[in-house]
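In the working numbering, the protein residues as written are 1 to 471.
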């Protein structure tokens, strides 16, 4: 068992996945992944658990919740990154580290644990933290820099995000540094965030849980801001926190209230370097995708998706789900990957999917107004139905001029002038220019218009002379 085995189990605990996608995530040769899957299956058999199976082109591990617990309870293999994180977190949390004892706990050789600790040592030296050797006892932390405090909370965040799939050493470590039951704490945080109308996600919840750990260890992350003092916003958060978090420590209540004030005010409570990188990359994306108009909601959505994607990749937080790109999404994906490569950046595949989703929405919004004339051909619909349907469409998309005609005249080539129409939709096949639908509904027509707007955006993006049909 090795790093690859640990990462494959981490992936399969969250989603099924093809060998090609595993290769993209793990940066490991496909032959090595297949060999490791065979080794994992042998291990699973020894635990009397179901094995990894391949269905179509995807591998999956069909374990129940209890079976996953059994597996990770017995699986003690840590990745190289996890070994370093373990030593780093434990040293800071306890202020002391005995490498001989940790060698036994992690079942590592002396050379391996010294190699892992050398990375921790280099991090401390670079970040400004200091420690001393106590003869016959171990290592004692004497000074912790602000940078290492920030790095510590990110690494603890990762433990909360992956809490359900942590191997025993990491699970024990997390349990030792938090003074609360995570499920209980989440049940208390949920109404606070809900009644504050804050969008709830695993990233935010993990940050808030990590904030509590940091508050207990070294008084939090300096989130107090005088401009929020005595404001209605701060008072409102304090009331909610006191109501639903009665067992929170006074210091944590204070830190949480100020954090939520800053968070809901879009103040800078995140990492400066990732924010700068995100803003810079957003400008590059706008230029490369020819985005001229971007409404506030989409701009905020794009920023949040990019920020979270960069944050996860830089901190090796592999939170994923199975994704599949269709033909149009692959065009955007390849463009996005080329831009990332040109700017010496990258992100996980699942996060690229989320960015592609936003970019698609942006292209639709930007080119929706370019569709001004739509012809609807009906096979058998009464005149009164025509009028009602047209009124409904006009309410839905008021900028478009809808014209309704009988399919019969076009089938007989009595009416053949289509030049003035941006889109022609019919309930019966006439020619290649017409989009056929099985039945008419205003929502269905709106969906086709959106797809046409996206098609226009893609054609602009690729500078194509002939129209690509995606509808």
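Cβ atoms here follow ideal geometry from the backbone N, Cα and C, with glycine treated the same way.
This structure is a prediction, so every number in the text was calculated from the model and none was measured.
Under DSSP, residue 406 takes part in a beta bridge, and its partners are 378. The alpha carbon of residue 186 has as its nearest neighbour, out of 309, 241, 235 and 337, the alpha carbon of 241. One alpha carbon belongs to residue 191, the other to residue 244, and they sit about 7 Å apart. Annotated as proximal: residue 421 and residue 373, with beta-carbon spacing under 8 Å.
Out of 8, 379 and 395, the CA that lies nearest to the CA of residue 438 is found in 379.
Nearest to residue 115 by C-alpha distance, out of 226, 461, 144 and 85, is 85.
Residue 138 has 134 as its beta-bridge partners, per DSSP. Just so you know, the alpha carbons of residue 214 and residue 156 end up roughly 9 Å apart. DSSP lists no beta-bridge partner residue for residue 361. Comparing alpha carbon positions, the residue from 261, 142 and 55 closest to residue 193 is 261. Across the set 153, 179, 189 and 167, the C-alpha of 153 shows the shortest separation from the C-alpha of residue 210. When 55, 51, 339 and 48 are compared, the shortest CA-CA separation from residue 19 is found for 55. Per the DSSP secondary-structure output, residue 17 pairs in a beta bridge with 59.
Here residue 250 is exposed: its Cβ has fewer than 16 other Cβ atoms, across all protein chains shown, within 10 Å.
Nearest Cα to residue 132 within the set 119, 150, 302 and 91: 91. Nearest to residue 451 by alpha-carbon distance, out of 327, 180 and 349, is 327. Taking C-beta atoms as the reference points, residue 60 and residue 69 fail to come closer than 8 Å. Between the beta-carbon of residue 87 and that of residue 102 there is about 7 Å, and that keeps the pair under the 8 Å contact cut. Under the three-state reduction of DSSP, residue 2 is assigned to coil, being neither helix nor strand. Counting along the chain, no alpha helix (DSSP H) covers residue 424; the unbroken beta strand (DSSP E) around it starts and ends at 423-426. According to the DSSP assignment, residue 118 belongs to the alpha helix (DSSP H) that extends over 110-127.
Beta-bridge analysis with DSSP links residue 53 to 60. Per DSSP, the unbroken alpha helix (DSSP H) holding residue 272 starts and ends at 272-288.
In the displayed model, residue 96 falls within a strand according to three-state DSSP. Each of 223, 106 and 443 was checked against the Cα of residue 392, and the nearest Cα belongs to 443.
Taking a C-beta distance under 8 Å as the contact criterion, residue 205 and residue 189 qualify as a contact pair.
Secondary structure at residue 435: strand, using DSSP grouped into helix, strand and coil. Minimum Cα-Cα distance from residue 352 among the listed residues 5, 334 and 258 corresponds to 334.
Annotated three-state conformation of residue 401 is strand, per DSSP. Ranked by Cα distance from residue 264, the options 288, 318 and 200 are led by 200. A check of alpha carbon separations from residue 45 across 297, 257, 63 and 402 identifies 63 as the nearest. Distance from the Cα of residue 117 is smallest, within the candidate group 139, 128, 134 and 135, for 139. With contacts defined by Cβ atoms closer than 8 Å, residue 223 and residue 180 do not form a contacting pair. Between the alpha carbons of residue 150 and residue 371 lies a gap of roughly 49 Å. Selection 197, 257, 453 and 72 evaluated against residue 212 yields 257 as nearest (Cα-Cα). Per the DSSP secondary-structure output, residue 373 pairs in a beta bridge with 401.
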